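All residue numbers for the sequence shown refer to our numbering, where the first residue is 1410 and numbers rise by one. To start, the structure itself, in structure tokens.
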Amino acid sequence: MIKLQISAKWNQNTESLIIPIAVSKNIFKNIEPLSNFSAKNLQNTFKAQKGEIQILPTEKQTIFLLGLGDTPFEAKSIIKIFRSLTHRQKGKLSNKIGLYLNHLKAPEQVIEYALNGLILGSYKIGHYKTTRQEAHPFEAKSASLKIYAKSNSRTLRKLAQKGISTAETQMSIFGLVNAPSNKKVPAVLGQWAIDSGKKYGYKVEVWEKAKIEKKGLHALLAVNRGSECPPRFIIMEYKGKGAKQKVGLVGKGVTFDTGGISMKRPTNMHMMKSDMGGAAAVLGTMELAAKLQLPIHLIGIVPSTDNSVDALAIKPGDVIDSYSGQTIEVIDTDAEGRLILSDGIAYMLRHFKPDTLIDLATLTGSAVRTFGYHAGALFSNNDKLAAALSKAGDTTGERVWRLPVWDVYKDEMKSDIADIKNFSGRPMAGAITAAIFLQNFIEDHPNWAHLDIAGVAFNDADFSMQKSATAFGIRLLVNYLENLVKK
Ligand code: BES
Ligand code: ZN
Ligand code: ZN
């Protein structure tokens, strides 16, 4: 972990000094480390545009001018600018970093996101490479970060530390989501939760197959029938000091989705290792909430299995049982996420009775086709909750946009022979009808939201060749929880 220091007075003890600069009339004004440079000369080659980098070697240190673009800043863009810097320039950065903010009027507006990006830039995706990879300077034991800023350093330190803590959890989650299915069976998700719970002091229970059978989580077991690996049901509980609100999070933990007997086409199937993106958001939020010691009572549930093909696998048309007691006609075995979520949701409601229930899942291709990679689909039966989640999404740059769960869609999911079916059978309104399916299991809970994050959990990344994990949802949910407890 990188050592953090904050001081108001700038000195020349850091080997790499980062100076973020926003577009303004006189962009080099009041920047002490640049006093030996002619502003006029600098101006010819550096305009402070978004992501622009200029490297200035001086005798004692290397200065990195970093363009922030126009104000007001957006979280997403600040994170990306800093992440690009430490990712792309890792060969030129030393492990003694300085971040000069003395010239900024309101450093508290950028510091959390700056540090978040700065640390995220050190993530190395080559987990399974056998060739030696160049170490990132931040990995060094002696790595240190000195922030120069004039305002209240206690607030700044807290924000900076939060940016770092968030990045550390996100990077751990990147590793989990980017892991292939042969290295990431349901038990691996369970072990991640156990380790995290031990480290950050929250309760974790991981049920194995026998217990899952005993408890009657039939829909989870049905999806698991085609799998070589036994399922897991992960229950996490964190109770912060002074907690008044109980929030329940349920995340889809499909470690690989072949589609089952209704098999997917092969072209992009390898990406279905990321079909536990909802689980990743829940795991990461549990960890970060505990780390930040938020005064909230948080329950996380992750039903986990892969969706594979075998003689025992469920077939289209099969009718299965579920924890809720409702029977489900499985029209399409590729609509497996909603099946396991229905058990997770029903269990959450009966055993924990949360004030607020939020589920997250990489649930439908329809959500990807609707929003592309730029927003998750939000569904809710509560306007206040929907507004709070939207706001948290806007603040953190993990955007969500609301779609309806109107009753008129209910007919689409009616089954002739069972209580409900898992797919309308028609190629329309896929994300909405999936939400309608889930709504059937919330037992009239008045404060429920469903986030379909299929398009945003695993994404065209600026920091990898192929698509890779985004850890979407962690910053959104933690921000939502912080606002909730502020009231
Ligand atoms: N895991 C997929 C959804 C998905 C698609 C996630 C693309 C990420 C990227 C889900 O289990 C699925 O297969 N959904 C089907 C449902 C359909 C058969 C009703 C879909 O959306 O096509
Ligand atoms: Zn599927
Ligand atoms: Zn799936």
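Each residue gets a CB set at the ideal place from its N, CA and C atoms; glycine is no exception. All values derive from a computational prediction rather than experimental measurement.
Item to check | Contact belief for leucine 1598 with serine 1713 at Cβ below 8 Å, rounded distance in angstroms | outcome: The residue you call residue 1598 lines up with position 189 of the sequence shown. The residue you call residue 1713 lines up with position 304 of the sequence shown. For a cut-off of 8 Å, the C-beta gap from leucine 1598 to serine 1713 is around 5 Å, short enough to register as a contact.
Next on the checklist: Pairs of beta-carbons, one from the segment 1432-1439 and one from the segment 1448-1464, closer than 8 Å: are there three or more?
Outcome noted: Output reads yes: the segment 1448-1464 touches the segment 1432-1439.
Item to check | Paired residues, beta bridge with phenylalanine 1867 - DSSP | outcome: Here the question's residue 1867 lines up with position 458 in the sequence shown. In DSSP, phenylalanine 1867 forms a bridge with Ala1878.
Checklist entry - Which residues in the same chain as arginine 1634 place their Cβ atom closer than 8 Å to its Cβ, once the five residues preceding and following it in sequence are excluded? => result In the sequence shown, the residue the question calls residue 1634 occupies position 225. Correct list, in chain order: Asp1719, Leu1721, Ala1722, Ile1723.
Item to check | Residue span of the beta strand (DSSP E) that contains glutamine 1518, given as start and end | outcome: Reading the sequence shown from its first residue, position 109 is the one you call residue 1518. Segment: none, glutamine 1518 is in no beta strand (DSSP E) and carries neither H nor E.
Checklist entry - Near threonine 1804, which residues of its chain fall below 6 Å by C-beta distance, leaving aside the five closest residues on each side in sequence? => result Numbered from its first residue, the sequence shown carries residue 1804 at position 395. Hits under 6 Å: Asn1888.
Next on the checklist: Following a CB-centred definition, is aspartate 1715 positioned closer than 7 Å to any heavy atom of ligand 1?
Outcome noted: The residue you call residue 1715 lines up with position 306 of the sequence shown. Flag unset: Cβ of aspartate 1715 not near ligand 1.
Next on the checklist: Let me see if you follow: with CB-CB separation under 8 Å, is leucine 1626 close to chain B or not?
Outcome noted: In the displayed structure, chain B is absent; only one protein chain is listed.
Checklist entry - Relative to ligand 3, is the shortest distance from any of its heavy atoms to the C-beta of aspartate 1752 smaller than 7 Å? => result Reading the sequence shown from its first residue, position 343 is the one you call residue 1752. When distances are taken from the beta-carbon of aspartate 1752 to the heavy atoms of ligand 3, even the shortest one reaches 7 Å or more.
Checklist entry - Taking 7 Å as the cut-off, is the CB of threonine 1694 close to at least one heavy atom of ligand 3? => result Taking the sequence shown and counting its residues from 1, the one referred to as residue 1694 is at position 285. It does not: the Cβ of threonine 1694 is nowhere closer than 7 Å to a heavy atom of ligand 3.
Next on the checklist: Just to confirm my understanding: we take isoleucine 1643, look at its own chain, exclude 5 residues before and 5 after, and list those with CB closer than 6 Å. What are they?
Outcome noted: Against the sequence shown, residue 1643 aligns to sequence position 234. Taking isoleucine 1643 as the centre and dropping the five residues before and after it, the same chain places the C-beta of Gly1599, Ala1602, Val1615, Val1711 closer than 6 Å to its C-beta, in chain order.
Checklist entry - Under 7 Å from any heavy atom of ligand 2, does the C-beta of glycine 1668 make it? => result Position 259 of the sequence shown, counted from the first residue, corresponds to residue 1668. Indeed, a heavy atom of ligand 2 lies less than 7 Å from the Cβ.
Item to check | Cα-Cα separation between tyrosine 1609 and lysine 1571, rounded to whole angstroms | outcome: Locating residue 1609 in the sequence shown gives position 200, counting from the first residue. Locating residue 1571 in the sequence shown gives position 162, counting from the first residue. Roughly 15 Å separates the two Cα atoms.
Item to check | Per DSSP, cross-strand counterpart(s) of lysine 1571 | outcome: Mapped onto the sequence shown, residue 1571 falls at position 162. Note: lysine 1571 sits in no beta bridge, so no partner.
Checklist entry - Assuming asparagine 1511 and lysine 1469 make a contact with CB atoms under 8 Å, what is their CB distance in whole Å? => result Against the sequence shown, residue 1511 aligns to sequence position 102. Against the sequence shown, residue 1469 aligns to sequence position 60. Not really, about 17 Å apart at Cβ, beyond 8 Å.
Item to check | Cβ-heavy atom distance, alanine 1744 to ligand 1, below 7 Å | outcome: In the sequence shown, residue 1744 corresponds to position 335, counting from 1. Alanine 1744 Cβ: within cutoff of ligand 1.
Item to check | Beta-carbon gap between glutamate 1424 and threonine 1471 smaller than 8 Å | outcome: The sequence position of residue 1424 within the sequence shown is 15, counting from 1. The sequence position of residue 1471 within the sequence shown is 62, counting from 1. At a Cβ-Cβ threshold of 8 Å, glutamate 1424 and threonine 1471 count as neighbours.
Checklist entry - Given that a residue counts as buried once 16 or more other Cβ atoms are within 10 Å of its Cβ, and exposed if not, what is lysine 1593? => result Counting from 1 along the sequence shown, the entry for residue 1593 is found at position 184. When all chains shown are included, lysine 1593 counts as buried.
Item to check | Where aspartate 1792 sits in the DSSP three-state scheme | outcome: Residue mapping note: residue 1792 aligns to position 383 of the sequence shown, counting from 1. Helix at aspartate 1792.
Checklist entry - Can you tell which of Leu1794, Ala1863, Arg1759, Thr1575 has the C-alpha that lies nearest to the C-alpha of leucine 1697? => result Along the sequence shown, one-based indexing puts residue 1697 at 288. Of the candidates Leu1794, Ala1863, Arg1759, Thr1575, Thr1575 places its Cα closest to the Cα of leucine 1697.
Item to check | Assigned secondary structure, asparagine 1591 (DSSP; H/G/I helix, E/B strand, else coil) | outcome: Translated into the one-based positions of the sequence shown, residue 1591 becomes position 182. Here asparagine 1591 carries a coil assignment [DSSP, helix/strand/coil].
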